[in-house]
Structure formats: structure tokens, C-alpha cells
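Working notes for the structure below.
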Amino acid sequence: MATYAIGDVQGCYPELQRLLDKLRFDPAADRLWFCGDLVNRGGQSLDTLRLIHGLREQCVITLGNHDLSLLAISLRKPEAQAKVNPELREVLFAGDAPVLFEWLRSQKLLHHDEPLGWTMVHAGLAPSWTLRQAQKAAQEVERELSSPRHPRILRNLFGNRPASWSSRLQGLDRHRATINLLTRMRYCDVNGRIDFEGKGEPGTQRPGLYPWFEVPGMRRRETRIVCGHWSALGRFAGLGVYAIDTGCVWGGQLTALQLDSEEPRYIAVNAEPHRKRPPGGGD
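Throughout the sequence shown, residue numbering follows the UniProt record's numbering, covering 1 to 283 in sequence.
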């Protein structure tokens with residue numbers, strides 16, 4: 001039995017199939033953790049969702065910003081949905097879309113496995129959070145997303161405020177701050193305020209900003225963290241953080257990290273030849 005975390009798939013269905021083949025994935029014994037951003041830009045988001053949904057008993061998923069955006073779009077009127085890109089339209093108007101969306105809404109924002117000693121999120125953790133605080137904040141949002149109240153949070157999840165965490169936050173502001181931290185963060189300042197513009201590799205950020213895992217004085221947590229979201233960072237291991245968004249959708253690789261081996265082990269496949277990063281990069 002093996003447990004693998006997989007970086008941002010973003011609709012790169014052929015690469016996901018090749019990666020599972022390379023892993024010799026056995027649904028009867030192995031488990032997959034997906035770091036989020038299952039959809040958008042890779043061209044085959046519907047096939048990707050159907051594949052992972054078919055393996056749902058063997059999978060753990062933490063939702064990414066693109067996944068949450070798709071769920072929000074799913075609540076729009078059909079004429080508004082028809083204006084999004086063709087790849088997402090294919091998902092929105094699929095016959096099994098209601099089943100896929102209900103399943104996505106039941107997924108996590110943070111997953112912690114105590115015996116393995118690993119925690120998975122899409123983007124990162126607020127520098128001030130203990131693991132317990134992060135779990136509590138994530139669970140609050142997860143309950144809303146999987147409940148009949150989900151339209152309220154999905155219709156109000158967009159926005160750059162609040163950009164940092166405070167225990168005094170309440171209601172939608174609290175939920176939006178949690179979502180911003182767990183699914184959108186790359187750089188922040190010493191007070192934990194997110195910079196939403198910086199997407200480049202470390203060293204390109206504005207003065208006074210730090211990668212979220214290098215903020216001075218941040219809480220140290222007795223867990224290893226695996227995450228995605230930051231393709232310009234690429235494969236990174238340090239300070240207890242393992243980042244595995246290796247930019248498949250931009251022509252890089254789709255990477256898996258074996259979590260239950262004595263030392264974390266990377267397995268990757270190259271992107272399809274037609275994929276390449278557009279000017280200005282991506283998220």
C-alpha cells in the first residue's frame with residue numbers, strides 16, 4: 001500500500017493517466033491525495049473530474065481556487081455560464097454535472113493525517129495559525145460548502161478582503177479570509193497580509209514580502225505540509241513544506257510525492273508537447 005500526493009492537475013487528463021500508470025496505482029491498495037486545482041486550462045477538465053470521481057473512495061482532495069471558482073460559476077444562470085471558456089462549459093453543461101458538483105462541495109480545504117505525519121492544503125497556512133486553528137477554520141468553511149447554505153458562501157467567496165487572519169473575524173469575512181489563505185496565498189508580509197499580485201519565484205517579490213512558509217516568527221507545526229498552487233515556485237522542499245505544483249499545464253511536469261516512504265519520493269511525468277506558459281505566467 002502506498003500514499004501519493006499529486007500536484008495541480010488543472011484538466012491535464014493525459015498526464016494524469018500517464019502518472020497513475022507510472023505509479024502502478026492499485027485502487028485496491030493505494031491512496032491518492034490531490035492538492036487541488038483539478039480543473040481549468042488543461043483542456044480536459046470534465047474527463048479529469050470523472051476519473052477522480054470514479055476513484056473517490058481511494059482519494060483525498062483539498063479544493064483549490066480554480067475548483068471553488070467552478071463551483072461558484074455553477075450557481076450562475078445558464079446564459080452567464082455560456083460565457084466562460086469552452087473547457088469549463090463542457091463541465092457545466094454535462095449530464096452528470098450535478099453529481100460532480102455535489103461531490104466537489106463535499107471535499108476538504110485541509111487534510112491532516114496524524115499517523116502519516118502529513119497535512120495537505122492547496123496554497124498555504126496563515127503564519128499565525130497553529131495546526132489546530134487551521135483545522136478549525138477549514139472545517140467551518142467545509143461545513144458551509146457541504147450544507148444547503150452553500151450558495152451563500154459561493155456567491156460571496158470572491159474578493160481580496162480580508163487579506164489576513166484575525167480571530168475576531170466573523171461570518172462571510174471569516175470564511176473568505178480562510179479561503180484566501182488556504183487557496184490563494186503565495187507571499188505575505190510579517191503581519192500575514194497576503195500579496196495577491198506576486199506570482200513569480202522567490203526573489204522577485206516586492207520588499208517586505210516573504211513566501212508564506214518563510215515569514216519571520218511564523219508558527220512551527222509538528223507536521224509536514226504538502227501543497228500546490230505555486231507553479232513558479234516549482235518543486236520545493238524546506239522548512240517542513242513540500243510544494244509539488246510543477247506547472248504541468250504550462251509545459252512543466254505533473255508530480256506525485258510518495259508520503260509513506262522512509263524519505264519522500266518524487267515521481268513525475270512530462271507535460272504533453274503542446275503545453276507552454278503564456279506571457280505573464282499563470283496561477
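Backbone N, C-alpha and C fix where the C-beta goes; we use that ideal spot for every residue, glycine too.
As the structure is a computational prediction, the values presented were derived from the model and not from experiment.
Segment limits, alpha helix (DSSP H) that includes residue i
i: A137; result: 131 to 145
i: T62; result: T62 -> no alpha helix (DSSP H), and no H or E assigned at all.
i: D173; result: 171 to 183
i: A80; result: 78 to 81
i: V91; result: 86 to 92
Cβ-based burial, residue i [other Cβ within 10 Å; buried from 16]
i: V241; result: buried
i: S106; result: exposed
i: S45; result: buried
i: R206; result: exposed
i: V39; result: buried
i: P151; result: exposed
i: K108; result: buried
i: M1; result: exposed
i: S261; result: exposed
i: L20; result: buried
i: N180; result: buried
Span of the beta strand (DSSP E), counted from its first residue to its last, around residue i
i: F101; result: Element bounds for F101: not the beta strand (DSSP E) but the alpha helix (DSSP H), 97 to 105.
i: Q17; result: Q17 -> not in any beta strand (DSSP E); alpha helix (DSSP H) instead, spanning 13 to 23.
i: R152; result: Run containing R152: none in the beta strand (DSSP E); it sits in the alpha helix (DSSP H), 150 to 154.
i: C35; result: From DSSP, C35 is part of no beta strand (DSSP E); its letter is neither H nor E.
i: D260; result: Premise fails: D260 is in no beta strand (DSSP E) and is neither H nor E.
i: A5; result: 3 to 6
i: L110; result: 110 to 113
i: T119; result: 118 to 121
i: V226; result: 224 to 227
Per-residue DSSP class, three states only, for residue i
i: T48; result: helix
i: Q215; result: Sequence inspection shows Val at residue 215; the Gln mentioned does not correspond to that position. Correct three-state label for V215: coil.
i: W250; result: helix
i: H53; result: helix
i: A237; result: strand
i: A243; result: strand
i: A268; result: strand
i: G280; result: The predicted model places G280 with a pLDDT of 48, which falls under 50 and marks its position as unreliable, so this point remains unresolved.
Beta-carbon contacts of residue i that lie in its chain and below 7 angstroms, excluding the five residues immediately before and after
i: E15; result: C248, L254, V269, A271, E272
i: W118; result: T223, R224, V226, L259
i: L154; result: L71, A72, L75
i: G7; result: C35, G228, I244, D245, T246, L254, T255
i: F101; result: L71, S74
Residues near residue i by beta carbon distance below 6 angstroms, same chain, minus five either side
i: A28; result: none
i: N156; result: L172
i: V121; result: T62, L110, L182, C227
i: P127; result: G192, V215, M218
i: R221; result: L131
Residue-level contact to chain D via CB, residue i, 9 angstroms cutoff
i: A163; result: Among the protein chains of the structure shown there is no chain D, as only one such chain exists.
Contact set for residue i: own chain, Cβ-Cβ below 8 angstroms, skip 5 residues either direction
i: R265; result: L257, Q258
Requested in this report: Please determine if the stretch 188 to 203 and the stretch 67 to 75 are in contact, where contact requires at least 3 C-beta pairs separated by less than 8 angstroms.
Outcome: Three or more Cβ pairs closer than 8 angstroms define a contact, and the stretch 188 to 203 falls short of that threshold against the stretch 67 to 75.
Query raised in the report: Does the count of Cβ pairs from the stretch 226 to 235 and the stretch 200 to 210 closer than 8 angstroms reach three?
Result: Yes, they touch.
Query - Stretch pair the stretch 208 to 217 + the stretch 161 to 171: three plus CB contacts closer than 8 angstroms - result: Because the criterion of three Cβ pairs below 8 angstroms is not met, the stretch 208 to 217 and the stretch 161 to 171 do not touch.
Query raised in the report: Would you call the stretch 125 to 145 and the stretch 94 to 102 in contact, with 3 or more CB pairs under 8 angstroms?
Result: In short, these stretches do not touch, since the Cβ pair count stays below three.
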